[in-house]
Amino acid sequence: MKLDDTPVPLPWQRREKRFSHNGKFILTVLPLYIFTLAFVAGPLVYMFILSFLQRAEVWGVIGKFTLKNYTDILDPVYLKTFWESIKLAVLTTALTILIGYPFGYFMAKLSAKWKSRMMLFLMIPFWTSSLIRLYGWIIIFRANGPLDKALMFLHITDAPLKLLYTYAAVVVGMVYALVPFMIFSVYSSAEKLDWSLIEAARDLGANPMQAFLTVSLKLTLPGLLSGVVLTFIPSMGLFFIADILGGNKVVLVGNVIQEQLMKAHNWPFAAALAVVLTILTSVMIYLYRRLAKVKDLEGLV
Amino acid sequence: MNDIILQLQQIEKRFGDTKVLDGIDLSIKQGEFITMLGSSGCGKTTTLRIIAGLETPDSGRVLLEGRDVTNEEPNKRNVNTVFQNYALFPHMSVESNIGYSLRLKHIDKATIKKTVAEALDMVQLSGYEKRMPGELSGGQRQRVAIARALVNKPKVLLLDEPLGALDLQLRHQMQTELKRLQKRLGLTFIYITHDQEEALNMSDRIAVMREGQFEQIGTPEQVYDMPLTSYVARFVGSANILSGNVSAIDEQSVAFNCQGVTVFAARRDAPISIGQTVTMAVRSEKINLTPQGAGETGLHAVVTEKSFSGGVLHIIVTLDDGSELVSSRHGIDSPLAAGDSVTVSWKPENAVLVDL
Chain A
13 MKLDDTPVPL PWQRREKRFS HNGKFILTVL PLYIFTLAFV AGPLVYMFIL SFLQRAEVWG
73 VIGKFTLKNY TDILDPVYLK TFWESIKLAV LTTALTILIG YPFGYFMAKL SAKWKSRMML
133 FLMIPFWTSS LIRLYGWIII FRANGPLDKA LMFLHITDAP LKLLYTYAAV VVGMVYALVP
193 FMIFSVYSSA EKLDWSLIEA ARDLGANPMQ AFLTVSLKLT LPGLLSGVVL TFIPSMGLFF
253 IADILGGNKV VLVGNVIQEQ LMKAHNWPFA AALAVVLTIL TSVMIYLYRR LAKVKDLEGL
313 V
Chain B
313 MNDIILQLQQ IEKRFGDTKV LDGIDLSIKQ GEFITMLGSS GCGKTTTLRI IAGLETPDSG
373 RVLLEGRDVT NEEPNKRNVN TVFQNYALFP HMSVESNIGY SLRLKHIDKA TIKKTVAEAL
433 DMVQLSGYEK RMPGELSGGQ RQRVAIARAL VNKPKVLLLD EPLGALDLQL RHQMQTELKR
493 LQKRLGLTFI YITHDQEEAL NMSDRIAVMR EGQFEQIGTP EQVYDMPLTS YVARFVGSAN
553 ILSGNVSAID EQSVAFNCQG VTVFAARRDA PISIGQTVTM AVRSEKINLT PQGAGETGLH
613 AVVTEKSFSG GVLHIIVTLD DGSELVSSRH GIDSPLAAGD SVTVSWKPEN AVLVDL
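Protein sequence lines, in the order shown, are assigned to chains A and B.
The first sequence begins at 13 in the numbering used here and counts up by one.
The second sequence begins at 313 in the numbering used here and counts up by one.
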């Protein structure tokens, strides 16, 4: 039998076209390169160099090479901080998935009218500074605050809970700050999902759970993974949440960096910590790429 | 009655204020190729979805092999669907797509591989196992979708306008192939289309649907030659419709007055009385046009347009009351030209009374 309809071009065949540049193309992307060099690569290189220098007695740095900053990180205190940060980031990310994935997934199923309404509801908090919103949490969490009063009124507790300045408060603050990013990235993935595929799966004998796992979840995985990257990485560095809601009890890498930079004025050590954090983050992105099988990070933003 | 595989009983379905299905009944025999024909929005896709279990009717029952499956989940029914957009899983290879239902049944890998290979061979796509759906053409995707639905050995295969997205040539080819496949496997096909030619070409029976009801259910010959309603006559083979008051009745034919002229139509197995207003349908190929004054009796008309397509010449004429009729014949041209006055006539046995 003759198949006379021509196959559509394969993905890599289409890609070639996109990357064939000419002179004009270079000109159009030049601003992007300049911007990237000045504001992304520049600071990174500066930070990297700084991390191998020595701190000056009172202010600034001495231009002498040293590895001391990195060997200092091996101090159990700092290793423990890294470990605690990763643990908190994992917990935060897990909770954002638990809340954000179903939220984003079902939001994609809403009617167009409700989709835009939900989008607005999610955007409204961003009109206020995140710092101010965090202070809002202080009011809610503080002893004899609204939460305590409500819990006692409902006879769930009979004495004020000491919620503020606890690990739980930090986790709540982190999840609160980061869950929109998970929602948005899952939503953007689920929005593109062809719901007839789920019907096809059901038709072929899958129960709702099997259809979800084999089709919906697989096809929204890029969104979920980019959501993981978008929550895991910031949650390692959101020092002000740990500061404001955790008092001094929860110390994260971000807090140490901020402390070393602003209070101890040990810029090289802060830079070394930041370099290690950046490397950890890069490993995360690498794993994301491996998992999501994407060649570029376009699924990320 | 044992060979009835699927029965729809008084199915009703509303979406909000719209009544999509208004009490439909249908019995389908084992091995039958039945087509639901209708324009978009007539409820044919909803009917199919109710059979598949993707939609639940508000009232009525669906019986599969005599068993009530009305409220059964789609995964519990041995019915499979070829979706309009094929709905192939984009993240799975052709092989995984086809083997999907078998994997859910936890069949061993070797058997799955063998069954998938057989299914691919059946749709003439052997060697495409590792391709992704995105790398296939429309016709190939279509074949994969059919193989995927058939691999499960369904009692009934539902096809929702499966050829709609293909070009004309490929569509004709697939029509023949689908029909051949259905005969060879002895499977029951419920096919949806809005293309009357496709329906006439493939079906054992056609159910013409309109506004959530069946206008007529019958063999292609019955639907084409003896339409029950003017809608069916127009939709299937675009017939010309005329109406008037009955003036005389005899054994074979009915005479009625149409625009001042007495015309004839075949009598039908339905009561009829003098003075009654009747509507008749006559196929364009059964209409004769003769130049005015050639002695033929019939309706007076003026030729307005001639067009040639698909080996058939269509001559459009305008009657005195302004309505248009189409006469068609094989050939490239006729001596008639636009502006000519003609007499329109037909043999009484070629005119069918409808809407009785």
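Built from N, CA and C at the ideal position, the CB exists for glycine as well.
In this model, Ser351/B and Glu473/B are separated by some 12 Å (Cα to Cα). Here Tyr543/B is buried: its Cβ has 16 or more other Cβ atoms, across all protein chains shown, within 10 Å. Taking the Cα of Thr589/B as reference, the smallest distance to any Cα among Gly605/B, Ala613/B and Leu554/B is reached at Leu554/B.
In this structure, Phe345/B lies near Tyr503/B, with their beta-carbon atoms less than 8 Å apart. About 7 Å separates the beta carbons of Leu318/B and Thr500/B, which is inside the 8 Å limit, making them a contact pair. The Cβ atoms of Ala606/B and Thr630/B do not sit closer than 8 Å to each other. For Val73/A, the closest Cβ of chain B is not nearer than 8 Å.
For Tyr147/A, the enclosing alpha helix (DSSP H) stretches over residues Ser142 to Phe153. With a threshold of 16 other beta carbon atoms within 10 Å, Lys325/B meets it and is buried.
A distance below 8 Å separates the beta carbons of Phe64/A and Phe77/A.
From the beta-carbon of Phe395/B, the residues of chain A found nearer than 7 Å are Ser208 and Ala212. With a cut-off of 8 Å on Cβ pairs, the region 212 to 226 of chain A is in contact with the region 389 to 406 of chain B, counting three or more such pairs. By the CB criterion at 8 Å, Ala663/B and Ala578/B fall inside the cutoff.
Counting only Cβ-Cβ distances below 7 Å, Lys230/A has contacts in chain B at His403, in chain order. When CB distances to chain B are screened at a threshold of 9 Å, the residues of the region 218 to 229 of chain A falling below it are Ala218, Asn219, Pro220, Gln222, Ala223, Thr226 and Val227, in chain order. Secondary structure of Val288/A (DSSP, three-state): helix.
Leaving aside the five residues that flank Ile599/B on each side, the residues in its chain whose CB is nearer than 7 Å to its CB run, in chain order, Asn552, Leu637, Ser639, Val656 and Trp658. Within the region 406 to 431 of chain B, contact with chain A at the beta-carbon level (separation under 8 Å) is assigned to Tyr412, Ser413, Leu416 and Lys417. Just so you know, the alpha carbons of Pro445/B and Arg67/A end up roughly 59 Å apart.
Residue environment analysis places Met221/A among the exposed positions, since fewer than 16 neighbouring C-beta atoms fall within 10 angstroms of its C-beta. Inclusion of Leu611/B and Ile627/B in the CB contact set at 8 Å is not warranted, their separation being larger than that value. Scanning Leu237/A, Trp126/A, Leu110/A and Leu264/A for the CA closest to the CA of Leu250/A turns up Leu264/A.
By the 16-neighbour rule on beta-carbons within 10 angstroms, Ala364/B is buried. Judged by DSSP in its simplified three-state form, Ile316/B adopts strand. DSSP, reduced to helix, strand and coil, places Asp334/B within a strand of the structure shown. Looking at Ser515/B, Gln508/B and Glu527/B, the one whose alpha-carbon comes closest to that of Gln494/B is Ser515/B. Every alpha helix (DSSP H) of 4 residues or more that sits fully in the region 58 to 93 of chain A is shown, in chain order, as 80 to 85.
Considering only Met274/A, Leu190/A, Thr93/A and Arg302/A, the residue with the shortest C-alpha distance to Trp71/A is Met274/A.
Taking 8 Å as the CB threshold, Leu264/A stays off the interface with chain B. In this chain, Phe133/A is not harboured by any beta strand (DSSP E); it is covered by the alpha helix (DSSP H) spanning Ala124 to Met135.
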